[in-house]
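>
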Amino acid sequence: MPFAQPPTTPLSRALFRAPIWIYRLGLGGALGGRFVLLTHRGRTTGEARQAVLEVVGRNDTTGAVLIASGYGRRSQWFRNIVAEPRVLFQVGGRRHRGTATVLSPQESGEALAHYAERHPEAAVALMRGLGHEVDGGPESFARVGADPENGIPVVRLSPDDPPRSPYPDFSAP
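Below you can see the structure in the form of structure tokens.
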């Protein structure tokens, strides 16, 4: 199965990194809840690194978000969070310290299938752009996520500071 390659030219790298500058300018809220700015440590240098990734799932109760590694286990950010799971992440205007946890292949498949049900056109275009053949059905997305060799692993970013209820003295019905 052919994999799409990460950007290699200076122009393509600059275009891929443009969303980072949106966050750095304090405009992360303009991207809404569909993207996350992930700040992680380089596994060799220990220096802070950043990537903007699409949110493929979220839990508003815990504040956790799911992100997919489109280039598989080869992605630099993915390799870095495996080496050091303590991360910073920002969704919209809200920043968190937290922990990155790689989901099992089965959980990754379920997360991608669920994402495809909510955003079918975007999911098909994304998978095909990354070199994965999908037919649009949830089973094909589950297969791509569950493939431990050539699949797309999903990572859960869990905040150390879960969101607080705006009404702390009341519980949900």
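Per the UniProt record's numbering, the very first residue in the sequence shown carries number 1; after that it's consecutive.
Yeah, the Cβ is synthetic: ideal placement off N, Cα and C, and Gly gets one too.
If you're wondering where the values come from, they're calculated on a predicted model, not measured in any experiment.
Would you tell me roughly how many angstroms separate the C-alpha atoms of P10 and W21, rounded to the nearest one?
The residue given as residue 10 occupies position 10 in the sequence shown. The residue given as residue 21 occupies position 21 in the sequence shown. The straight-line gap from Cα to Cα measures roughly 16 Å.
> Going by the beta-carbon positions, is the gap between P153 and R73 smaller than 8 Å?
Against the sequence shown, residue 153 aligns to sequence position 153. Against the sequence shown, residue 73 aligns to sequence position 73. A contact, by the Cβ cut-off of 8 Å.
> Which residues in the same chain have their Cβ closer than 7 Å to the Cβ of R143, if we skip the five residues on either side of it in sequence?
Position 143 of the sequence shown, counted from the start, is the residue given in the question as residue 143. Same-chain partners within the cutoff: G109.
> The alpha helix (DSSP H) spanning R158 covers which residue range?
Numbered from its first residue, the sequence shown carries residue 158 at position 158. Note that residue 158 is Ser in the sequence shown here, rather than Arg. Per DSSP, S158 belongs to no alpha helix (DSSP H); it is in the beta strand (DSSP E), V154 to P159.
> Which two residues bound the contiguous beta strand (DSSP E) that contains R95?
In the sequence shown, counting from the first residue as 1, residue 95 sits at position 95. R94 to V102 is the span of the beta strand (DSSP E), which, as asked, contains R95.
> Short of 7 Å in beta carbon distance, which residues of its chain neighbour G28, apart from the five on each side in sequence? Order them along the chain.
The count along the sequence shown starts at 1 and reaches residue 28 at position 28. Contacts found: I22, L37, Q90, G92 and G93.
> Could you check where the alpha helix (DSSP H) with L126 kicks off and where it finishes?
Taking the sequence shown and counting its residues from 1, one reaches residue 126 at position 126. Element bounds for L126: P120 to G129.
> Out of V102, L157, P159 and G42, which has the shortest C-alpha to C-alpha gap to G151?
Against the sequence shown, residue 151 aligns to sequence position 151. Out of V102, L157, P159 and G42, V102 has the C-alpha closest to the C-alpha of G151.
> Short check: CB of V155 to CB of L112, under 8 Å?
Translated into positions along the sequence shown, residue 155 becomes position 155. Translated into positions along the sequence shown, residue 112 becomes position 112. In this structure, L112 does not lie closer than 8 Å to V155 by Cβ.
> On the CB-based measure, 16 or more other CB atoms within 10 Å of its CB, does A68 come out buried or exposed?
The residue labelled residue 68 in the question sits at position 68 within the sequence shown. That one is buried.
> Could you pull out every unbroken beta strand (DSSP E) segment of at least 3 residues lying fully inside the segment 45-114, listed in chain order?
Within the segment 45-114, the complete beta strand (DSSP E) runs of at least 3 residues are 48-59, 64-68, 86-91 and 94-102.
> Quick check on this structure: which residue in S140, A125 and A64 has the alpha carbon closest to the alpha carbon of A100?
The residue given as residue 100 occupies position 100 in the sequence shown. Minimum Cα distance to A100 is reached at A64.
> The alpha helix (DSSP H) that contains V144, what's its start and end?
Locating residue 144 in the sequence shown gives position 144, counting from the first residue. Counting along the chain, the alpha helix (DSSP H) containing V144 begins and ends at P138 to A146.
> Quick test of your reading: A146 and P105, contact by CB under 8 Å. State the CB separation rounded to the nearest angstrom.
Counting from one through the sequence shown, the residue named residue 146 turns up at place 146. Counting from one through the sequence shown, the residue named residue 105 turns up at place 105. About 5 Å; that satisfies the 8 Å criterion.
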